[in-house]
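Worksheet: one structure, shown below.
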Amino acid sequence: AQSVTQPDIHITVSEGASLELRCNYSYGATPYLFWYVQSPGQGLQLLLKYFSGDTLVQGIKGFEAEFKRSQSSFNLRKPSVHWSDAAEYFCAVGPGGGNKLTFGTGTQLKVEL
Amino acid sequence: GAVVSQHPSRVICKSGTSVKIECRSLDFQATTMFWYRQFPKQSLMLMATSNEGSKATYEQGVEKDKFLINHASLTLSTLTVTSAHPEDSSFYICSASPSRDRETLHFGNGTRLTVT
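Quick note, the sequences are listed as chains L and G, same order.
Take 78 as the starting number for the first sequence in my numbering and just add one per residue.
Take 108 as the starting number for the second sequence in my numbering and just add one per residue.
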């Protein structure tokens, strides 16, 4: 069965500091990996996705993520965080083809000014 | 592109009544849509897969008679919470993927249901 682990429930960073949100997955085949962001009371917005090819993927809002098969990880990074990045971040894995996703428990990001 | 619209964004209903939530794909057709439920400060849990023109597929533990799903057209799926109870209060989110990008799910903005 597929699963996603986001070990950090809460993270606080200062504005302008770098950010890394961790994501580990368990999947029997080549995974399709996603990062979504959710603002309070809102739906999910896709930040980036990885299917194949270059293991470092670029997303919107200056985010990037690196797929490391040997570590079963897909960590999200941003070199300089902005106050507007405060939100909940979800990592997800799925089989692709528009099929259902399995989500991690999310990481709540707080940005200190 | 690939916009998913959900309505209403918030609804408050009395215990015992039914509530219908609509999920529309605005600029693409979706033969499959997914309904998720999110409890406060928790992750999204898949409730069911909505299939256009056929019965929905429910995840284990989800009552199909409680959460009625209808996917009557390629752009609309509805979730009806029947005989709602306070424990049904939650955030419900739908998602779908366009055929031109079938690998990616796009989500609606969710519906906050409060049952009093």
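The beta-carbon is built from N, C-alpha and C at its ideal position, and this holds for glycine as well.
Chain G residues whose Cβ lies nearer than 7 angstroms to that of residue i
{"i": "L178/L", "result": "L212"}
{"i": "F128/L", "result": "E210"}
Sequence-distant residues of the same chain with beta carbon closer than 7 angstroms to residue i, five excluded per side
{"i": "V169/G", "result": "M154 and A155"}
{"i": "Y166/L", "result": "L98, W112, V114, L153, G183, T184 and L186"}
{"i": "P84/L", "result": "R99"}
{"i": "L123/L", "result": "F111 and Y113"}
{"i": "A164/L", "result": "V114, Q115, S116 and L186"}
{"i": "F180/L", "result": "V81, F167 and A169"}
Residues near residue i by beta carbon distance below 8 angstroms, same chain, minus five either side
{"i": "S116/G", "result": "N216, G217, T218 and R219"}
{"i": "E189/L", "result": "T89, V90, S91 and E92"}
{"i": "F174/G", "result": "W142, M154, A155, Y165, L186, T187, V188 and T189"}
{"i": "K177/L", "result": "G171"}
Residues that DSSP places opposite residue i in a beta bridge
{"i": "E166/G", "result": "BP columns for E166/G are empty, so no partner."}
{"i": "E143/L", "result": "L133/L and N152/L"}
{"i": "E190/L", "result": "Before going on, a small fix: residue 190/L reads as Leu here, not Glu. Its beta-bridge partners do not exist; DSSP assigns none."}
{"i": "K127/G", "result": "T187/G"}
Per-residue contacts from residue i into chain L (C-beta, under 8 angstroms)
{"i": "S150/G", "result": "F167, F180, G181, T182 and G183"}
Residue i: contacting residues in chain L (beta-carbon distance under 9 angstroms)
{"i": "G160/G", "result": "Residues of chain L passing the Cβ test: none, with the nearest at roughly 16 angstroms."}
{"i": "R219/G", "result": "G118"}
{"i": "T156/G", "result": "N176 and K177"}
Span of the beta strand (DSSP E) around residue i
{"i": "K173/G", "result": "First-last for K173/G: undefined, no H or E at that position."}
{"i": "T89/L", "result": "H87 to S91"}
{"i": "W112/L", "result": "Y109 to Q115"}
{"i": "W142/G", "result": "T139 to Q145"}
{"i": "K126/L", "result": "L121 to Y127"}
Listed by chain order, chain G residues near residue i by CB distance under 8 angstroms
{"i": "G173/L", "result": "R209 and E210"}
Own chain, CB closer than 6 angstroms to residue i, minus 5 neighbours either side, in chain order
{"i": "R209/G", "result": "none"}
{"i": "H87/L", "result": "Q185"}
{"i": "R144/G", "result": "M152, M154, S197 and Y199"}
Where residue i meets chain L, residues with beta-carbon distance less than 7 angstroms
{"i": "F141/G", "result": "K177"}
{"i": "G153/G", "result": "According to the sequence provided, residue 153/G is Leu. The question's Gly does not apply to it. Simply K177."}
Chain L contacts made by the segment 163–182 of chain G, where a contact means CB separation under 8 angstroms = none
Residues in the segment 99–130 of chain L with C-beta within 9 angstroms of chain G's C-beta atoms, listed in sequence order?
-> Y109, F111, Y113, Q115, G118, Q119, G120, L121, Q122, L123, K126 and F128
For the segment 117–135 of chain G, which residues have a CB atom closer than 7 angstroms to at least one CB atom of chain L, in sequence order?
-> none
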